[in-house]
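Numbering (the numbering used here), first residue to last: 58 to 152.
Cβ coordinates follow ideal geometry from the N, Cα and C atoms, glycine included.
Nothing here was measured: the structure is a model prediction, and the numbers come from that model.
Everything on this sheet refers to the single structure shown next.
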């Protein structure tokens, strides 16, 4: 079943990725991503464009996991999607 059709869809997938990235050392948000996010947020919050930006960050091999985590955490302050919800749950169960 395609990821977007599964329960939780893209949001569930992103929450799982954020939980995985939370284990990596923190890294700064790439300047181009931060600049683009601020531009689209300044355009009447530009939520669809912010979601597209997050989708792009997921696939960028040049962005380290720690920077992906920081990007998602930063933008989630505006979006309110609780993207870090799985961080403690995933790794508590593993111990």
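**Message:** Please classify residue 165 as buried or exposed, where buried requires at least 16 neighbouring CB atoms within 10 angstroms.
**Reply:** Absent from the model: residue 165. The displayed extent of the chain is 58 to 152, so no value can be given.
**Prompt:** residue 101 by DSSP, collapsed to three states: which one?
**Reply:** Here residue 101 refers to the residue found at position 44 when the chain shown is read from its first residue. Residue 101 falls in the coil class under three-state DSSP.
**Message:** In chain order, what are the residue ranges of uninterrupted alpha helix (DSSP H) at least 4 long that sit wholly in the segment 111-138?
**Reply:** 122-136
**Request:** Give the secondary structure of residue 95 by DSSP, where H, G and I count as helix, E and B as strand, and everything else as coil.
**Result:** For the purposes of this step, residue 95 is taken as residue 38 along the chain shown, with counting starting at 1. Residue state, collapsed to three classes: helix.
**Supposed contact pair residue 76 and residue 144 - C-beta distance, whole angstroms, cut 8 Å** = As a working note, residue 144 is residue 87 in the chain shown. As a working note, residue 76 is residue 19 in the chain shown. Yes, residue 144 and residue 76 are in contact; Cβ-Cβ is about 5 Å, under 8 Å.
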